[in-house]
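Peer 1: Here it is, the structure, as structure tokens.
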Amino acid sequence: MAERNVESVNKVREAVSQDLLGGRIDLLLGWEKGHYWWQSRPLFARSEADLEKLAWDSFCAVNLSRYLLEELKDHDKVGVLVKGCDARAFNRLLQDNMVRREQVILYGLPCPGMLDYNRLVEKAGGAPLEITEENGRVIIKVGSGEQEAQRDDLLLDKCKDCRYPDPAVYDQLLFSPQGEKEVTERFKTVEELEEMSAEERFGYWEKELSRCLRCYACRQACPFCSCRECFVEQENPRWQGRAYQPSENFMFHLVRAYHGTGRCIDCGECERSCPVDIPLQELNRKLIKDINELYGDYEAGLDPEQEPPLLTYRPDDPAAFSEK
Amino acid sequence: MKKVIAREKLPELWKSLAAKGPLFLPIQEGPVVLFQPWSEGAEANLDAVNTAVSAKDVFLPREETYLQYRCSGNQLELIPVENAEPVIAFGVHPCDLKAVEMLDKVYLDQEPSDELYRQRREKTTVVGLSCREPDPFCFCNEFGINPADAPGADVMAHLKNGLVLLEARTDKGKALLDQAGDLLQDGSDEKFEAAEVKTADFGLNLEGLPENLKERFEDPVWDELYKSCLGCGVCTYVCPTCYCFDVEDFGHEGEGQRFRCWDSCMYGHFTDMAGGHNPRAGRKERVRQRFMHKLQYYPETFNEIACVGCGRCLRSCPVNLDIVQAIKALGGETVEQR
Amino acid sequence: MSAALNETAGGWEPLIVSFCCNWCSYAGGDLAGTSRMSYPVNVKVIRVPCSGRMNPMFVLRAFQRGADGVLVAGCHPGDCHYTSGNYQSRRRLSAFKRLVEFAGFEPERFEVRWISSSEGDKFAEEMTSITEKIKALGPNRKMRDARWQSVTSKV
Amino acid sequence: MPRTGVFICHCGTNIAGTVDIDKTVEASRNFPGVVHADEYRYLCSEMGQDIITKAIKENDLDRVVVGTCSPRMHENTFRKAAAEAGLNPYLLEVANIREHCSWVHKDMEEATPKAIALLRAAAAKAALNEALEAPRLDVEKRALVIGGGIAGIQAALDIAEAGYEVDIVEKDPSIGGRMAQLEKTFPTLDCSACILTPKMVEAAQHPNINLLTYSEVDEVKGFVGQFDVKIRQKARYVDPVKCTGCGICWEKCPSKAPSEFEMGLSKRKSIYVPFAQAVPMVPVIDRDSCLYFRKGRCQICEKECPPQAIDYEQQDEIIERRYGAIVVATGFDQLDPTIYGEYGYGQHPDILTGLEFERIFNASGPTGGKVVKLSDGKPPKKVVFIQCIGSRDKARGMNYCSKICCMYTAKQAILLKEKVPDAKSYVFYIDVRTGGKGYEEFQRRAAEEHDVAYMRGQVGKIFPEDDHLVVRGIDSLTNRNIEIKADMVVLAAATVARGDAPELGRLVGINSDSYHFFNEAHPKLKPVETHTAGIFIAGACQAPKDIPETVSQASAAAVKAIGLLSKEKLQGEACTAEVIQSDCSGCLNCEAICPYTAITPVEIEERYKDGVLKRTVAEVNPALCQGCGSCAVTCRSGSINLKGFSNDQIMAEVDAICLQR
């Protein structure tokens, strides 16, 4: 992987450095490596030296589009590296008037899916030292030798059922597209939960939500959570109390999810960001599934011109309750 | 006093210890391990390197009601709340226990001390647990912590070949082992040799850092460091040395209660003032506050950096902005100016 | 802090909060009154201008505070005083209803009905019907904030 | 803390009979903020209102809660009383302890705690009430009348006579509507055209009336006093200024199509005026049948037209105008009885509907006024009239009575006897309904003097046999089977709403009942108003009506419109939405869902670091906002709120209601 990776990073760097150094953009939002090779963090590049740190590998999960909210206050024109989900996030922000299209240059990165370090450890049975990727397979080097695995088995949860790995919007596409993927298990967990009795389901969520720290990482990482003032912090009315009561946990998580109705792009950043691994994505996906069933297929973030389902209606819409 | 118990016998021990009051343990909760009260059927996980959230929950609970009121007509009745009951915190790693000592400095060692904290602290028996294998994020060595020993523990526990070795170091500790009675066997002959545990070496140079930071409030490094921060509260909530809380009321005109709960300096509303002004209006100010607090303000008062190298912020920050990155950025590698 | 929910001397009685749009359903409720129809006292109505005003958070708050059932009532589709409020609420509340069911609420706990200003009989019937269904289900404990409950009995 | 006063009404025994007033007063004293509580037998009376105003002054009250009947009943009364004491009227809240409590519960033990809960909620809400000001709005001194039938014409004439400009939008090429199709009118038997035509001409010539025929309403925006309407004037392909109405074009036109005016019983040309007295007397070209438009050749009309008024290039034209008031008078359709297979309609030329038969009488109709069978041109000797085709038919969901059929059937039977003296009429009816001045006498005359046999019963089958139509039915009085060999059958097909009524209702912003007849604001007290301020309804678009009723309703609607137009300023809605711009992120979802286009983006400047940052936020036009509050729900951050029904007010009500069990 090392060589191929160097090659692809160079390709990205080449594309963006022309624009950054040529003054077409004032800032590039990309990734750089963290403390370890399997970590990445956002890179705010303004110079050639900054671009030296640029990374593009199988560990660039962080969605960069959200940083536009702040960076566009300070910069006239910003370049962003966008994977499939990041591009949908961009469209989401565009639809919410949070960004202006002409202020942003999007460099599209068709995404093979990002890898999960914990899965590498699991698969390798120890701390991996290095990995090599080849044709959908990953060779993991550990102290005691090598372990081979299917790349698909090592993906982050959020990438497993990604239907649109290619950016839906970009100014420049840097690699050849992956093509739309057929996903079969996107709603599997939702369906399993639907099968349960109400009591069981409540028990499930009560337990899962009981871990919530109210750190709001899910919200802060989310491209549909772009409010300046979240209902959580409002004083009048006090929608959300701070206590760690089951009642308050449900209030936050149901409303957070509901606010994503027809808006959630299914990027899974909420769940990835959660320090206590609450299956937030299942709440979001439940709403995606229901909206699709009731009001027609809608994939948030694919087409910013398409009216979000809660902002429109048809007189003959069905309802989830009796209309007699 | 030294005792041993076979690991497979632990559930019996939990049952016995929990009979007298809450027994906090690293418990496997779905995909994560949390420091939580044990109950029948709960799965304790003593092999976990670190719980997702630190053990501070035992001493400074995320939510704590301390006052109830009742009104009728013009009469207001205040009802004190009895909070603290004897608690056992079993399996606290050296880093977390060191962090509790840091909280002590804030809540106990200054006048007036925090009554709620004091009660809980005094009524808690701590069973420390030595670490065997650190994960890549553990870096407590940097702070002179020995992962194999928790000096402040009432009982020190070690895992060894299917056995748990327990050494009581205080009267409270002895009482605890006594409470377990026959479940424990004598362990006077067992050797507790501390195997050396080497945590990650991030190449930090902490020497003189707090002093050095005094003049760096306006340093351009802050202009860069904060940028990736999402503004969530993960780092503060998982951190064992963060201790800020908020006070909120719940109730209505007839009756209600006042409680305190964890708060985070990473939230914009943390410093909202009644008049509408917010001295830390931006993420930069808030990120600076947190790291300055850990690395400069706390040390200035208490003579040590408020970090124990538990690695939780490295593990949990969704964008990998952590204290190691901050220390590095502040330790001489000033980020290039715009 | 008793564990009893809504227990009065005569046993448990459910509390049902109904949000009614001003133009149709609230007026339907008025007509039920004018026509001297009768429905259970368990239902208490909050007037909102339109079912489109119905923020799902109001429903959750009612559950937090001890409601055993919530019924939102608005004009029939096509009859909204504000043209499209009920069309909008139909989508919102359908999504929301399924979400709360997904969270583990029984479907009967949260309902939406269209009741016109001339349907006093339907108003009374719906109020009776939801009360009976909730009685059959028993008290709602889900999302109920125990801290609020501890004080309710004393007011 | 507010200083709230609570006032509880006994309403005689209406409330006091089921709700323990003393207990509610006592309980109210303990609500937060309540400093005064009182009760009175009839709070809505002068005396009762005085009690409130006095108490406000004496106790320095800044919030008032009344526990009375429905706020839909007396909220305004009490608000006025509060205003009289110098209190902003919107600081008052009504707890509905009558319709929603004392009248629906019987047990005092139950009703009293509920009344207290409702009062507690009202007090909790009132504590958060704010003083509100209703905006004062301009009134455009012009009315729009949609529909150019007798209702529309009458309404327009009345409004014009009062001195205001009126535009009539008529979708057909001529005004006149259904009444123009009628031969004679009951019960006086005066000729319909003779009384209608002068009104049509008067309307056309009135200086304040502007006729927009062959036009349709495309869009209605705005609100009472300021409706912005887009009207599509369809291309006639004839220049109305040049056209003299000479008629050469339709004489020469070689192609034909079924005449709408004649109910399809005869044909008209492709360039045509619908009927001889059409106003305006300007033809239109029907593109669907015109040879030139279909095949690109012919152009005879263009060649023959003396003033060269034909213009094939004419386009639809959009007229945008502002109106202060709108009268909807779009009339009715006749049910197509083919859905009733047993009557054989559409399968035999001598089975007609009432309106079709009406054309048979007419001198300019398909038979030139000769009452003959369409099958063979011979006069019918036996005619069977069947009532309630599609009316009063629960099985098919048409429960209502079409109201006019009993009378026009009697009329047609009389006219038949006059034209074909040896003809015999049979009427199958469910009930004969003849409410109206001179109506009963008229119908009796038909039965007694014109040899019309009335038979209570139903017809089960009609089928042709030889040159007759066999009508088989049951006389429900004698329970005997009846069989009549008729020459002609006339079906009194139901009066139904116009097919496009639901669409028009949506467009204009008024609602309709399950049969698509437009809803009046109140069935008794507001019969011509709709729920949308400034929009009135007249005629059969509201429910089946005869001509006198239609005309009087049209005049009533006109008076309401005149009353509105005569105002210098209108009082707008006080409970409008409001944006907290500092919190608004500018996503403008509220703009997308606002039914009144009351929300628009606006750029604001904010301090940012050392400079200023421009950003877009939402802004509400309080004149356009009608206070539905949907925006407040779509706004996730609560940055847009509805005054009078704000988030914190509703949450306070929920809290309070749940406190009391």
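Chain order of the listed sequences is A, B, C and D.
When you read off a place in the first sequence, starting at 1, and then add 86, the result is the number in the numbering used here.
When you read off a place in the second sequence, starting at 1, and then add 32, the result is the number in the numbering used here.
When you read off a place in the third sequence, starting at 1, and then add 2, the result is the number in the numbering used here.
When you read off a place in the fourth sequence, starting at 1, and then add 3, the result is the number in the numbering used here.
Glycine included, every Cβ here is placed at the ideal spot set by N, Cα and C.
It should be emphasised that the depicted structure is a prediction, and the values quoted were computed from it without experimental measurement.
Rounded to whole angstroms, what's the CA-CA distance from A:G222 to A:R127? Just pull it up for me.
Peer 2: As a position in the first sequence, residue 222 of chain A is number 136, starting the count at 1. As a position in the first sequence, residue 127 of chain A is number 41, starting the count at 1. Taking the straight line joining both Cα atoms gives about 25 Å.
Peer 1: Run through chain C and tell me which residues come within less than 8 Å of A:I351, C-beta to C-beta.
Peer 2: Position 265 of the first sequence, counted from the first residue, corresponds to residue 351 of chain A. Neighbours of A:I351 in chain C, taken as residues whose beta carbon is under 8 Å from its own, are absent, since the nearest beta carbon is some 16 Å off.
Peer 1: Please report how far the alpha carbon of A:L195 lies from the alpha carbon of A:K169, in whole angstroms.
Peer 2: For the purposes of this step, residue 195 of chain A is taken as residue 109 along the first sequence, with counting starting at 1. For the purposes of this step, residue 169 of chain A is taken as residue 83 along the first sequence, with counting starting at 1. C-alpha separation (whole angstroms): 5 Å.
Peer 1: Which of the residues in the region 284–304 of chain B, read from start to end, lie with their CB under 8 Å from any CB of chain C?
Peer 2: H284, G286, E287, G288 and Q289
Peer 1: Starting from B:Y269, find everything on chain A with Cβ-Cβ shorter than 7 Å and list it in chain order.
Peer 2: Locating residue 269 of chain B in the second sequence gives position 237, where the first residue counts as 1. Ordered by position in chain A, the residues that pass the 7 Å Cβ test against B:Y269 are L299 and C301.
Peer 1: Excluding the five sequence neighbours on either side, which residues of its own chain have a C-beta within less than 7 Å of the C-beta of C:I136, listed in chain order?
Peer 2: For the purposes of this step, residue 136 of chain C is identified with residue 134 of the third sequence, where counting begins at 1. Answer for C:I136: P16, I18, D70, G71 and E110, listed in chain order.
Peer 1: Need the endpoints of the beta strand (DSSP E) that D:Y429 sits in, please.
Peer 2: Looking up residue 429 of chain D in the fourth sequence gives position 426. Element bounds for D:Y429: K427 to Y432.
Peer 1: Residues of the region 591–621 of chain D with a CB closer than 7 Å to any CB of chain A: list them in chain order, please.
Peer 2: L591, N592, A595, I596, Y611, L616 and T619
Peer 1: How many angstroms separate the CA atom of A:E157 from the CA atom of D:C661?
Peer 2: Within the first sequence, numbered from 1, the residue matching residue 157 of chain A stands at position 71. Within the fourth sequence, numbered from 1, the residue matching residue 661 of chain D stands at position 658. Between the C-alpha atoms of A:E157 and D:C661 there is a straight-line separation of about 46 Å.
Peer 1: Hey, is D:M654's beta-carbon within less than 8 Å of any beta-carbon in chain C?
Peer 2: What you label residue 654 of chain D is simply residue 651 of the fourth sequence in a count that begins at 1. By this cut-off, D:M654 is an interface position.
Peer 1: Tell me which same chain residues have a C-beta within less than 6 Å of the C-beta of A:A173, skipping the five on either side of it?
Peer 2: Taking the first sequence and counting its residues from 1, the one referred to as residue 173 of chain A is at position 87. Taken in chain order, the residues that qualify are P253, A254 and V255.
Peer 1: Between the region 33–53 of chain C and chain A, which residues of the former have a C-beta closer than 7 Å to a C-beta of the latter?
Peer 2: Those residues of the region 33–53 of chain C that come within reach of chain A (Cβ to Cβ, closer than 7 Å) do not exist; the list is empty.
Peer 1: Taking CB distances under 8 Å as the criterion, tell me whether D:P35 reaches chain B.
Peer 2: Sequence index remark: in the fourth sequence, residue 35 of chain D carries index 32 (1-based). Interface residue, yes.
Peer 1: For B:L66, which residues of its own chain have a beta-carbon under 8 Å away from its beta-carbon, when the five flanking residues on both sides are left out?
Peer 2: Here the question's residue 66 of chain B lines up with position 34 in the second sequence. For B:L66, where only same-chain residues beyond five positions count, the Cβ hits under 8 Å are P58, I59, T83, A84 and V85.
Peer 1: Are the region 277–290 of chain B and the region 87–100 of chain B touching by the rule of at least three beta carbon pairs closer than 8 Å?
Peer 2: yes
Peer 1: Per DSSP, what kind of secondary structure is D:P505 in: helix, strand or coil?
Peer 2: For the purposes of this step, residue 505 of chain D is taken as the residue at position 502 of the fourth sequence. D:P505: helix per DSSP, three-state reduction.
Peer 1: Name, in chain order, the residues that DSSP records as bridge partners for D:A98.
Peer 2: Locating residue 98 of chain D in the fourth sequence gives position 95, where the first residue counts as 1. BP columns for D:A98 point to D:G70.
Peer 1: According to DSSP, simplified to helix, strand and coil, what is D:E523?
Peer 2: By 1-based counting over the fourth sequence, the position of residue 523 of chain D is 520. Correct three-state label for D:E523: coil.
Peer 1: Can you name the residues that DSSP bridges to C:C23?
Peer 2: Position 21 of the third sequence, counting from 1, holds the residue named residue 23 of chain C. C:V50.
Peer 1: Since A:H339 meets chain D, which of its residues come closer than 7 Å, beta carbon to beta carbon?
Peer 2: Taking the first residue of the first sequence as 1, we reach residue 339 of chain A at position 253. Per Cβ cutoff of 7 Å: no residues; A:H339 is ~15 Å from chain D at best.
Peer 1: In the structure shown, what three-state DSSP assignment does B:C103 receive?
Peer 2: As a position in the second sequence, residue 103 of chain B is number 71, starting the count at 1. B:C103 falls in the strand class under three-state DSSP.
Peer 1: Please confirm if A:Y384 has its CB atom under 8 Å from at least one CB of chain C.
Peer 2: Residue 384 of chain A sits at position 298 when you count from the first residue of the first sequence. For A:Y384, no CB of chain C lies under 8 Å from its own CB, so it is not counted at the interface with that chain.
Peer 1: Measure the beta-carbon distance from C:G31 to D:E102 and round it to whole angstroms, keeping in mind my assumption that it falls under 8 Å.
Peer 2: Here residue 31 of chain C corresponds to residue number 29 of the third sequence, with the count starting at 1. Here residue 102 of chain D corresponds to residue number 99 of the fourth sequence, with the count starting at 1. Right, their Cβ atoms sit about 7 Å apart.
Peer 1: Nearest CA to the CA of C:R55: which residue from D:R639, D:C301, D:A659 and D:S479?
Peer 2: Residue numbering aside, residue 55 of chain C sits at position 53 when the third sequence is read from its first letter. Looking at the Cα atoms, D:R639 is the closest of the given residues.
Peer 1: Using three-state DSSP, classify C:A75 as helix, strand or coil.
Peer 2: Locating residue 75 of chain C in the third sequence gives position 73, counting from the first residue. DSSP places C:A75 in strand when its eight states are reduced to three.
Peer 1: According to DSSP, simplified to helix, strand and coil, what is A:E268?
Peer 2: Translated into positions along the first sequence, residue 268 of chain A becomes position 182. Collapsing the DSSP output to three states places A:E268 in coil.
Peer 1: Hey, is D:R483's beta-carbon within less than 8 Å of any beta-carbon in chain A?
Peer 2: Counting from one through the fourth sequence, the residue named residue 483 of chain D turns up at place 480. No, because no Cβ of chain A sits closer than 8 Å to the Cβ of D:R483.
Peer 1: Return the first residue and the last residue of the alpha helix (DSSP H) that C:L95 is part of.
Peer 2: Numbered from 1 along the third sequence, position 93 holds the residue referred to as residue 95 of chain C. Annotation for C:L95: the continuous alpha helix (DSSP H) segment containing it runs G87 to F104.
Peer 1: I'd like to know whether the C-beta of D:D170 is nearer than 8 Å to at least one C-beta of chain B.
Peer 2: What you label residue 170 of chain D is simply residue 167 of the fourth sequence in a count that begins at 1. For D:D170, the answer is no, since every Cβ of chain B falls outside 8 Å of its Cβ.
Peer 1: Which residue marks the beginning of the beta strand (DSSP E) containing D:N484, and which one marks its end?
Peer 2: Locating residue 484 of chain D in the fourth sequence gives position 481, where the first residue counts as 1. Unbroken beta strand (DSSP E) run through D:N484: R483 to A489.
Peer 1: Tell me the rounded alpha-carbon separation between A:Y381 and A:R371.
Peer 2: Stepping through the first sequence from its first residue, residue 381 of chain A is reached at position 295. Stepping through the first sequence from its first residue, residue 371 of chain A is reached at position 285. Spanning the two alpha carbons is a distance of roughly 15 Å.
Peer 1: Report the partner residues of B:L55 according to the DSSP bridge assignment.
Peer 2: The count along the second sequence starts at 1 and reaches residue 55 of chain B at position 23. Note: B:L55 sits in a beta bridge opposite B:I120.
Peer 1: Looking only at its own chain, which residues have a Cβ that is under 7 Å from the Cβ of A:P404, when we skip the five neighbours before and after it?
Peer 2: Translated into positions along the first sequence, residue 404 of chain A becomes position 318. If we look at A:P404 and ignore the five residues flanking it on each side, its Cβ neighbours are L380.
Peer 1: Do the region 306–323 of chain B and the region 255–273 of chain B meet, that is, are 3 or more Cβ pairs less than 8 Å apart?
Peer 2: yes
Peer 1: So is C:G68 buried or exposed if we call it buried at 16+ other beta carbons inside 10 Å?
Peer 2: The residue labelled residue 68 of chain C in the question sits at position 66 within the third sequence. Buried, since its Cβ has 16 or more Cβ neighbours within 10 Å.
Peer 1: Quick test of your reading: D:Q574 and D:R139, contact by CB under 8 Å. State the CB separation rounded to the nearest angstrom.
Peer 2: Indexing the fourth sequence from 1 puts residue 574 of chain D at position 571. Indexing the fourth sequence from 1 puts residue 139 of chain D at position 136. That pair is a contact at about 6 Å.
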